[in-house]
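Asks:
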Amino acid sequence: MKIRHPWLVAIAAWFIAQVIRTWMRTIRFRYAPSGPDYEPANLRDGERYIYAFWHEHILVPASRYARPDIWVLISKHADGQMISSACRQLGFQTVAGSSTRGGSEAVRGMVSLGKVAHLAITPDGPRGPRREMQQGAAFLASKTGLPVVPFGVACSCAHRFGSWDRFMLPWPFSRVVLVTGQAIVVPENLDREGLEAWRQTLETELETANRMAEGILEGKITAENHGRRAA
Numbered sequence: 020m021k022i023r024h025p026w027l028v029a030i031a032a033w034f035i036a037q038v039i040r041t042w043m044r045t046i047r048f049r050y051a052p053s054g055p056d057y058e059p060a061n062l063r064d065g066e067r068y069i070y071a072f073w074h075e076h077i078l079v080p081a082s083r084y085a086r087p088d089i090w091v092l093i094s095k096h097a098d099g100q101m102i103s104s105a106c107r108q109l110g111f112q113t114v115a116g117s118s119t120r121g122g123s124e125a126v127r128g129m130v131s132l133g134k135v136a137h138l139a140i141t142p143d144g145p146r147g148p149r150r151e152m153q154q155g156a157a158f159l160a161s162k163t164g165l166p167v168v169p170f171g172v173a174c175s176c177a178h179r180f181g182s183w184d185r186f187m188l189p190w191p192f193s194r195v196v197l198v199t200g201q202a203i204v205v206p207e208n209l210d211r212e213g214l215e216a217w218r219q220t221l222e223t224e225l226e227t228a229n230r231m232a233e234g235i236l237e238g239k240i241t242a243e244n245h246g247r248r249a250a
């Protein structure tokens, strides 16, 4: 049964946020920048970025790095309302919209917010296909001038839901590796072909960040000098 009443959504989201906070405190995190440090916890004044991570991984940054100066684009569908409310309880700010329901208006709102805040986007959302980036991230970066930071995630032991994105829920006491790739500046005033070319570039870099996280987790990439354990 879907919860639709606003008060019930708010109560359920508050409860979910408390469970997530407690649950995620058991996780052992390692942050591993592949270049400069773009970890949201260490941002310097005056810096602004667009963080891009796959929809299946939204729980990790939402619980780990939620802060009021990061705005996240969340779908308007019923499940999105619950996710949006839970993200706000955790500390993010949210903008409602998607590529199919109010997405254009929401992206325009994100462009305005990019002048004063960090942005976050799940570029394969709200309904996939899984790990196939839509043009929203490239468009947003082109319009705001903000660099896109690919945000890769890997987990040693997680439950995968049967949703389109195979949503990831790390098991308690599992290990999670977080990797930020190089910040990517997308040129302004791109035409359709230009947006598609940069969409492909961003998709490739995000997948590279995820493969790097998986490699560090599996010991295939040496991490002694590559990453540090998150506090």
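In terms of the working numbering, the sequence shown opens at residue 20 and continues consecutively.
Beta carbons are placed, not taken as given, at the ideal position from N, Cα and C, and that holds for glycine.
Using the three-state DSSP reduction, which class does Q201 fall into: helix, strand or coil?
Replies: In the structure shown, Q201 sits in coil (DSSP, three-state: anything other than H, G, I, E or B).
Asks: Does the segment 149-167 come within contact of the segment 99-109, defined as at least 3 CB pairs closer than 8 Å?
Replies: no
Asks: Under 8 Å, do V254 and C174 count as touching if we go by C-beta distance?
Replies: In the structure displayed, the chain extends from 20 to 250; residue 254 sits before or after that span and is not available.
Asks: Buried or exposed for H178, going by 16 or more other Cβ atoms inside 10 Å?
Replies: exposed
Asks: How about L109 and A36: are their beta carbons less than 8 Å apart?
Replies: yes
Asks: Taking the alpha carbon of Y68 as the point to measure from, which residue in Y57, H76, I77 and H74 has its own alpha carbon closest?
Replies: Y57
Asks: Residue ranges of each alpha helix (DSSP H) run of no fewer than 4 residues wholly in the segment 45-90, ordered along the chain?
Replies: Correct list: 78-83.
Asks: In whole angstroms, what separates the C-alpha of D143 from that of R218?
Replies: 11 Å
Asks: Return the first residue and the last residue of the alpha helix (DSSP H) that A177 is part of.
Replies: Boundaries for A177: no alpha helix (DSSP H) harbours it, while the beta strand (DSSP E) harbouring it runs A177 to R179, taken from the DSSP string.
Asks: Smallest Cα separation from F186: which of V79, G65 and W33?
Replies: V79
Asks: Can you list, in chain order, the residues of its chain whose CB lies under 7 Å from that of R146, leaving out five sequence neighbours each side?
Replies: W183
Asks: When the Cα of L92 is compared with those of L62, P169 and A71, which residue comes out closest?
Replies: A71
Asks: On the three-state DSSP scale, how would you describe F158?
Replies: Helix.
Asks: When the cut-off is 8 Å and only beta carbons count, does T45 lie next to chain D?
Replies: Protein chains in the displayed structure number just one, and chain D is not present.
Asks: For A29 and R107, what's the separation of their Cα atoms in angstroms?
Replies: 10 Å
Asks: Can you check DSSP and say which residues form a bridge with A173?
Replies: V196
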